[in-house]
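Engineer: Would you mind keeping the following structure in view while I ask a few things?
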Amino acid sequence: MAALPVPLLLVLLLAGCGGPGAAGQRRKEMVLSEKVNQLMEWASKRSVIRMNGDKFRRLVKAPPRNYSVIVMFTALQPHRQCVVCKQADEEYQILANSWRYSSAFTNKIFFAMVDFDEGSDVFQMLNMNSAPTFINFPAKGKPKRGDTYELQVRGFAAEQLARWVADRTDVHIRVIRPPNYAGPLMLGLLLAVIGGLVYLRGSNLDFLYNKTGWAFAALCFVLAMTSGQMWNHIRGPPYAHKNPHTGQVNYIHGSSQAQFVAETHIVLLFNGGVTLGMVLLHEAATSDMDVGKRKIMCIAGIGLVVLFFSWLLSVFRSKYHGYPYRYVRLGPCSPCSPGFGAHLHCCSSAGSFGRKYSSRNAPFVYQSSKIG
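Residue numbering for the sequence shown is -24 to -1, 1 to 348, as defined by mature numbering (1 follows the signal peptide of the UniProt record, and there is no 0).
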């Protein structure tokens, strides 16, 4: 039998054993399988996987990876006082649970979290100094601009996050919120109170036709809503803020994008004072009392309106810096851009004059917390 040439023999040997390329491929597949199995095991116990620096570098940053990871960078420790982080975490948990317990759950995407106090090195590596922040780390390549969630524009509702996830990963998640029985319970309690009153006073229902009572109830409801009580119920802000360095307690938030619970109580009191003044002025103009009492009521009404409305303006001025608004001359026209303050500077079509608009014209901005 004739001997084979040496080059042909080497080719056959390499083909038989697969060569160094095949060995490297098998090694990558083994590492990838270990990573996916590890993530699946953690995801089976907790929908949002908590990561420190080592886990983040090994499972998110380092190749190989055939899965996407949505990471929430946050600061949930109480001493960080990041109220927005807690609110965003609740919505993020709802989104992750909706994916974990859906019939479409696969290992194509995972939800993770890096807390600043557990992975400050990750924040430094990504040059990140604010929270909360959501970033999608795709299965291939590095995150692009669109892989960072625009929290200031879109908010942190689970439904908005799900739309962003679908846009970046093609994974569509149907958000399922846990049932909230507070509304039905309150409605049932209200109906029970009304039914009890009707039962106890079945022979005398004149109180249902009392215009003053209904007017007072409607006024209390309007004052509660206009003072920001619903915002407190949704956002859950602190009652006040104590400066840890000076010990000074602030009851009025310095930003137009947030408020304290004490601030809503103060605004409720001021609005009530203005309303009382207006009621006294109306009574002074329409009542049949003697002229002396009507003058006293008129003076008291004017005093209440002037006093409490001036205090309201003081609160408004402390939050919306730059009030009163006016036309201002700007420099060369630049693209309009909303900032974290109370104003949005826009150039006119001519390019030389602009108007300073109140923040009502600007999109709502969530105030991220500075950390580090």
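Heads up, the beta-carbon is just placed ideally off N, CA and C, and yes, glycines get one too. Since the model is a prediction, treat every value here as computed from it, not as a measurement.
Can you name, in chain order, every residue of its own chain whose Cβ lies under 6 Å from the Cβ of Leu288, other than the five neighbours on each side?
Structural biologist: By one-based count along the sequence shown, residue 288 stands at place 312. Cβ within range, chain order: Phe246.
Engineer: Less than 9 Å between the beta carbons of Phe110 and Phe99, yes or no?
Structural biologist: Translated into positions along the sequence shown, residue 110 becomes position 134. Translated into positions along the sequence shown, residue 99 becomes position 123. No, the Cβ-Cβ distance between Phe110 and Phe99 is not below 9 Å.
Engineer: Let's test the definition: count the other Cβ atoms within 10 Å of the Cβ of Gln235 and tell me whether it reaches 16, buried, or not, exposed.
Structural biologist: As a position in the sequence shown, residue 235 is number 259, starting the count at 1. Gln235 should be labelled buried.
Engineer: Assign Phe292 to one of two classes, buried (16 or more other C-beta atoms within 10 Å of its C-beta) or exposed (fewer than that).
Structural biologist: Taking the first residue of the sequence shown as position 1, residue 292 is located at position 316. So Phe292 ends up on the exposed side.
Engineer: Which word fits Ala318, buried or exposed, when buried means at least 16 other C-beta atoms lie within 10 angstroms of its C-beta?
Structural biologist: Taking the first residue of the sequence shown as 1, we reach residue 318 at position 342. Caution applies to Ala318, whose pLDDT of 36 falls short of 50 and renders its modelled position unreliable; the value that the coordinates give is listed next. Classification of Ala318: buried, given that the 10 Å Cβ count is 16 or more.
Engineer: Could you say if the stretch 129 to 143 and the stretch 48 to 68 meet the contact criterion of at least three C-beta pairs nearer than 8 Å?
Structural biologist: Yes, they touch.
Engineer: In the DSSP output, what is Ala134 paired with across the bridge?
Structural biologist: Within the sequence shown, residue 134 is the residue found at index 158, counting from 1. BP columns for Ala134 are empty, so no partner.
Engineer: Between which two residues does the beta strand (DSSP E) holding Phe87 run?
Structural biologist: In the sequence shown, residue 87 corresponds to position 111, counting from 1. It spans 85 to 91 - the beta strand (DSSP E) in which Phe87 sits, taken as one unbroken run.
Engineer: Can you give, in chain order, each stretch of the alpha helix (DSSP H) that sits fully within the stretch 237 to 273 and has at least 4 residues?
Structural biologist: Counting whole runs of 4 or more residues, the stretch 237 to 273 contains the alpha helix (DSSP H) stretches 237 to 262.
Engineer: Less than 6 Å between C-beta atoms, sequence neighbours within five positions excluded: which residues of the same chain meet that for Leu8?
Structural biologist: Translated into the one-based positions of the sequence shown, residue 8 becomes position 32. Answer for Leu8: Pro40, listed in chain order.
Engineer: If you measure between the beta carbons of Ser23 and Asn73, is that distance less than 9 Å?
Structural biologist: Counting from one through the sequence shown, the residue named residue 23 turns up at place 47. Counting from one through the sequence shown, the residue named residue 73 turns up at place 97. Taking 9 Å as the Cβ cut-off, Ser23 and Asn73 qualify as a contacting pair.
Engineer: Who are Asn208's beta bridge partners in DSSP?
Structural biologist: Locating residue 208 in the sequence shown gives position 232, where the first residue counts as 1. Paired residue(s): none; Asn208 is not in a bridge.
Engineer: Please state whether DSSP places Ser44 in a helix, a strand or coil.
Structural biologist: Counting from 1 along the sequence shown, the entry for residue 44 is found at position 68. If DSSP states are grouped into helix, strand and coil, Ser44 belongs with the strands.
Engineer: Please classify Glu239 as buried or exposed, where buried requires at least 16 other C-beta atoms within 10 Å of its C-beta.
Structural biologist: Residue numbering aside, residue 239 sits at position 263 when the sequence shown is read from its first letter. Buried is the call here.
Engineer: What is the rounded straight-line gap between the Cα of Ala168 and the Cα of Asn112?
Structural biologist: As a first step, residue 168 is located in the sequence shown; it is residue number 192 there, counting from the start. As a first step, residue 112 is located in the sequence shown; it is residue number 136 there, counting from the start. When rounded, the distance between both Cα atoms is 49 Å.
Engineer: State the DSSP-derived secondary structure class of Val24, mapped to helix, strand or coil.
Structural biologist: Here residue 24 corresponds to residue number 48 of the sequence shown, with the count starting at 1. Three-state DSSP puts Val24 in a strand.
Engineer: How many angstroms separate the CA atom of Phe49 from the CA atom of Pro108?
Structural biologist: Counted from its first residue, the sequence shown places residue 49 at position 73. Counted from its first residue, the sequence shown places residue 108 at position 132. Their Cα atoms are separated by approximately 6 Å.
Engineer: Please classify Phe113: does DSSP put it in a helix, a strand, or coil?
Structural biologist: As a first step, residue 113 is located in the sequence shown; it is residue number 137 there, counting from the start. Phe113 falls in the strand class under three-state DSSP.
Engineer: What whole-angstrom Cβ distance do Val59 and Pro214 have, given they're in contact under 8 Å?
Structural biologist: Stepping through the sequence shown from its first residue, residue 59 is reached at position 83. Stepping through the sequence shown from its first residue, residue 214 is reached at position 238. Correct: roughly 7 Å between the Cβ atoms.
Engineer: For Thr145, count the other beta carbons within 10 Å of its own beta carbon; 16 or more makes it buried, fewer makes it exposed. Which is it?
Structural biologist: Along the sequence shown, read from residue 1 onward, the residue named residue 145 stands at position 169. Label assigned to Thr145: buried.
Engineer: Just to confirm, are Arg26 and Met89 a CB contact at a threshold of 9 Å?
Structural biologist: Working through the sequence shown from its first residue, we reach residue 26 at position 50. Working through the sequence shown from its first residue, we reach residue 89 at position 113. Taking 9 Å as the Cβ cut-off, Arg26 and Met89 qualify as a contacting pair.
Engineer: For Asp30 and Gly248, I'd like the C-alpha separation in whole angstroms.
Structural biologist: Here residue 30 is taken as the residue at index 54 of the sequence shown, counted from 1. Here residue 248 is taken as the residue at index 272 of the sequence shown, counted from 1. The straight-line gap from Cα to Cα measures roughly 56 Å.
Engineer: Which of the three DSSP states, helix, strand or coil, is assigned to Asn226?
Structural biologist: Along the sequence shown, read from residue 1 onward, the residue named residue 226 stands at position 250. In this structure, Asn226 counts as strand in the three-state DSSP scheme.
Engineer: Counting C-beta neighbours from all protein chains within 10 Å, is the total for Gly327 16 or more, i.e. buried, or is it exposed?
Structural biologist: The count along the sequence shown starts at 1 and reaches residue 327 at position 351. Only weak support is given to the placement of Gly327: the predicted model assigns it a pLDDT of 33, under 50, and the question is left unresolved by the model.
Engineer: How would you call Ile85, buried or exposed, if buried means at least 16 neighbouring beta carbons within 10 angstroms?
Structural biologist: Numbered from 1 along the sequence shown, position 109 holds the residue referred to as residue 85. Buried is the call here.
Engineer: Taking C-beta to C-beta, are Phe284 and Val250 nearer than 9 Å?
Structural biologist: The residue given as residue 284 occupies position 308 in the sequence shown. The residue given as residue 250 occupies position 274 in the sequence shown. Cβ distance < 9 Å, so Phe284 and Val250 count as in contact.
Engineer: How big is the Cα-Cα spacing for Ser325 and Glu94?
Structural biologist: As a first step, residue 325 is located in the sequence shown; it is residue number 349 there, counting from the start. As a first step, residue 94 is located in the sequence shown; it is residue number 118 there, counting from the start. Because Ser325 sits at a pLDDT of 34, beneath the cut-off of 50, its placement in the model cannot be relied upon, and the point is left open.
Engineer: Since Gly212 contacts Gln63 with CB under 8 Å, what's their CB separation in whole angstroms?
Structural biologist: The residue labelled residue 212 in the question sits at position 236 within the sequence shown. The residue labelled residue 63 in the question sits at position 87 within the sequence shown. The pair is a contact, with the Cβ atoms about 7 Å apart (cut-off 8 Å).
Engineer: What is the DSSP secondary structure of Phe81, counted as helix, strand or coil?
Structural biologist: The residue given as residue 81 occupies position 105 in the sequence shown. Here Phe81 sits in coil by DSSP.
Engineer: Return no unless some Cβ of chain C is closer than 9 Å to the Cβ of Leu102.
Structural biologist: Within the model displayed, chain C is absent; a lone protein chain is all it includes.
Engineer: Under 6 Å Cβ to Cβ from Leu35, same chain only, skipping five residues before and after it: list those, please.
Structural biologist: Locating residue 35 in the sequence shown gives position 59, where the first residue counts as 1. Here the set comprises Lys11.
Engineer: State the DSSP-derived secondary structure class of Ala72, mapped to helix, strand or coil.
Structural biologist: Here residue 72 is taken as the residue at index 96 of the sequence shown, counted from 1. Three-state DSSP puts Ala72 in a helix.
Engineer: Taking only the alpha-carbon atoms, compute the straight-line gap between Tyr227 and Ala158 and give it to the nearest angstrom.
Structural biologist: The sequence position of residue 227 within the sequence shown is 251, counting from 1. The sequence position of residue 158 within the sequence shown is 182, counting from 1. C-alpha separation (whole angstroms): 29 Å.
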